[in-house]
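Report on one structure; see the data block that follows.
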Amino acid sequence: MKNTVSIFLLLLAFSSSAQQKQNFDLATFTIPNDWKKISSTADATGFAITNNQKGTYCQVGIYKSMNSMGNAQLDFETDWQDLIAKPYKVGAKPETGLSTSLDGWETKSGVAPYDFNGVQSMATLVTMSGYGKRMSIVILTNSQDYQTDVKRVLESVDLKKPAVEGSTFSSKPQSPVQPLPSTSLSTTGFAFTTTNFDDGWVASQQEDWVQVTKGNTRVLVHYPNKNADAYNSVLMDGLRNAWNILVAPKYSTASNFEFKPISGWQSIEFAEADAVEKATGKTIHVVLFKMDYSNGNGKYLEFITPDKMSFEQEFGAYHETSYGWEKMENLAGYNKFAVAPSDLKGKWTNDFSGALQYVNAYTGADAGMATHASNENFEFGPGDAYKWDLGVASGNVGNIKFQSVKSNGQYSMSGNWQVTFSDIEGKPRTFGAFFSCVKGAQILWLDNKAFAKVE
């Protein structure tokens, strides 16, 4: 495999070809005649060849152009995680080739071996960055037999300069690219792990947080953490505890510490320092921030910038008031990912319960208790079938009334952010839909109501 890795890393000179070319997004390219198309969507087009006698295969996927993350290296690293490492369970770090530049496009590539059903295979990523865009090619194979074919494909690729797009600054997410179905590999998990927002921020799902990036700024939206989120009556002590759990382990040294919480009806937790990242060895400026909302829904956000000045230029300087933090706190809402129909399969449930204790205003005596509990379920079955039910119990203790309703029918999706049901309480209904992440799981949101999957 070592020789194959080296060969693939050399195939980066993109030139014109006399053969008839195909077109996809910004790319024109040539595919050998004996290869078959395995997929063609708005996100990607894929081609493959197999040899059943030898048990070998090779697959090439060409993905639609996306907004650049700010530089070619970050583009490559992002697409490696989203298009190779996660969907195909490639744990090895890629062996990277030399960067090349041609006609305003900078190309980076990497290769890593991985095991599939006991057979050594290889994954290659070629990412081309330029004009504010990036476009990637993924090659999967378990044999060196297809080197010549792959060489011809890569040499045939020609990218056109993208049209200049007007700037938009809404927070409407764009559908991210999803990996192609493999001719030989099966993937697990959810289809979308990246979201490109119209204001330039890009969110990607990670093991312990959602990473949101724009240019040279990174924001880690930390998942709920029992130890870090534990209530502490002393605000400063709680902030230091969260720093030690969420922030400190990622850095080798730190200086210029400042812990500056602000007490109030909705307190502000704010700490910052200059630190050296263990992963990169770079000195950066890091800020830990949390808005302690009265309903308990605050999230720890970790802001990472090259220096303190960069942070303040993007988010503003620290100020001793409990308001005016919207630009920072809004980043917590970027834990948002698109929904594919395949993600919905199975049963999703929402449970709610609450109670209200009444007291006599004159005597202070117990005046009774009112309770409310509900359970709502969506079950997505084969094809486009679904079942829905809602049960409610409410009223004063001793006189609780029970109600229930249910329906079934067909559902459909308009893009990846809406689900339409043919019958909910006697009429069709369309719900806004997206996923948010917690550690080890996804939460389905339908019209801002959270549903957890029943395993």
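Residue 107 in my numbering is what sits at position 100 of the sequence shown, and the numbering runs on without skipping anything. We put the CB at the ideal spot given by N, CA and C, even for glycine.
Is it buried or exposed for Y238, if we count other Cβ within 10 angstroms and need 16 for buried?
With fewer than 16 Cβ atoms within 10 Å of its Cβ, Y238 is classed as exposed.
Rounded to a whole number of angstroms, what is the C-alpha to C-alpha distance between E113 and P169?
Straight-line Cα distance between these residues: approximately 14 Å.
With H, G and I counted as helix, E and B as strand and the rest as coil, what does DSSP make of N415?
It is a strand residue.
In the structure shown, what three-state DSSP assignment does Q181 receive?
In this prediction, Q181 has a pLDDT of 48, which is less than 50 and means its spatial position is unreliable; nothing more can be read from the coordinates.
Length of the line joining the Cα atoms of F438 and L242
Roughly 39 Å between the two C-alpha positions.
Taking just the CA atoms, how far does A377 sit from G207?
Going from the Cα of G207 to the Cα of A377 covers about 47 Å.
Beta-carbon proximity list for C444, same chain, < 8 Å, skipping 5 on both sides
Once the five neighbours on either side are set aside, the close Cβ partners of C444 are Q212, V217, Y230, N342, F344, I450.
Between the CA atoms of S419 and A459 - distance to the nearest angstrom:
Straight-line Cα distance between these residues: approximately 20 Å.
Quick check: the Cα distance between N423 and E265, rounded to an integer number of angstroms?
Straight-line measurement puts the Cα of E265 at about 43 Å from the Cα of N423.
Three or more C-beta pairs closer than 8 Å, one from the stretch 308-316 and one from the stretch 345-352: is that the case here?
In short, these stretches do not touch, since the Cβ pair count stays below three.
Distance between beta carbons of I56 and D41, contact taken as under 8 Å
Sure, about 6 Å apart at Cβ, within 8 Å.
Just to confirm my understanding: we take G98, look at its own chain, exclude 5 residues before and 5 after, and list those with CB closer than 8 Å. What are they?
Closer than 8 Å at Cβ, skipping near neighbours: A92, Y121.
Pull up the distance between the alpha-carbon of G137 and that of S108, whole angstroms please.
Each residue's alpha carbon lies about 9 Å from the other.
Mark K179 as exposed unless 16 or more other C-beta atoms lie within 10 angstroms of its C-beta, in which case mark it buried.
Its pLDDT being 46, under 50, K179 is placed unreliably by the model, and nothing is read from it.
Are three or more beta carbon pairs between the stretch 144-153 and the stretch 126-136 nearer than 8 Å?
Flag = yes, the stretch 144-153 and the stretch 126-136 touch.
Have a look at T63 and T85 and give me their C-alpha separation to the nearest angstrom.
A direct Cα-to-Cα measurement between T63 and T85 gives close to 29 Å.
Give the straight-line distance between the Cα atoms of M73 and N403, rounded to the nearest whole angstrom.
C-alpha separation (whole angstroms): 55 Å.
For the alpha helix (DSSP H) that S163 lies in, which residues bound it at each end?
154-163 is the span of the alpha helix (DSSP H), which, as asked, contains S163.
Sequence-distant residues of the same chain with beta carbon closer than 6 Å to K221, five excluded per side:
Closer than 6 Å at the Cβ level, and outside the excluded window around K221, lie G207, W208.
According to the Cβ coordinates, are L295 and A278 closer than 8 Å?
Contact: yes.
Less than 8 Å between the C-beta atoms of L397 and V219, yes or no?
Annotated as distal: L397 and V219, with beta-carbon spacing of 8 Å or more.
Same chain, Cβ closer than 8 Å to F442, five either side skipped, listed in chain order
Same-chain partners within the cutoff: F197, F199, K343, F344, A345, V346, D350, Q449, I450, L451, W452.
Please check the pair R141 and D82, which I expect to be a contact at CB under 8 Å, by giving their CB distance rounded to whole angstroms.
For R141 against D82, the beta-carbon gap comes to about 4 Å, under 8 Å, which counts as contact.
For F385, count neighbouring Cβ atoms within 10 angstroms of its own Cβ and tell me buried if that reaches 16, exposed if not.
Buried is the call here.
Is it buried or exposed for I275, if we count other Cβ within 10 angstroms and need 16 for buried?
Classification of I275: buried, given that the 10 Å Cβ count is 16 or more.
As a quick exercise: from V426, F359, E432, T287, pick the residue whose alpha carbon is nearest that of A440.
Of all alpha-carbon atoms in V426, F359, E432, T287, the one lying nearest the alpha-carbon of A440 is that of V426.
In three-state terms, what does DSSP make of F204?
Of the three classes helix, strand and coil, the one that applies to F204 here is strand, per DSSP.
Please look up how many angstroms separate the CB atoms of F36 and I45, rounded, as I've assumed it's under 8 Å.
Not a contact, Cβ separation roughly 15 Å.
Taking the beta carbon of Q66 as the centre, do at least 16 other beta carbons fall within 10 Å, making it buried, or is it exposed?
Looking at its Cβ environment, which holds 16 or more other Cβ atoms inside 10 Å, Q66 is buried.
Close Cβ partners of N234 (< 8 Å) along its chain, the five nearest in sequence each way excluded
Excluding positions up to five away in sequence, the list reads N248, I252.
Please report the distance separating the alpha-carbon of M298 from that of Y325.
Each residue's alpha carbon lies about 14 Å from the other.
Could you say which of S259, N304, G388, S270 lies nearest to E284 if we only look at CA atoms?
Of S259, N304, G388, S270, the residue nearest in Cα terms is S259.
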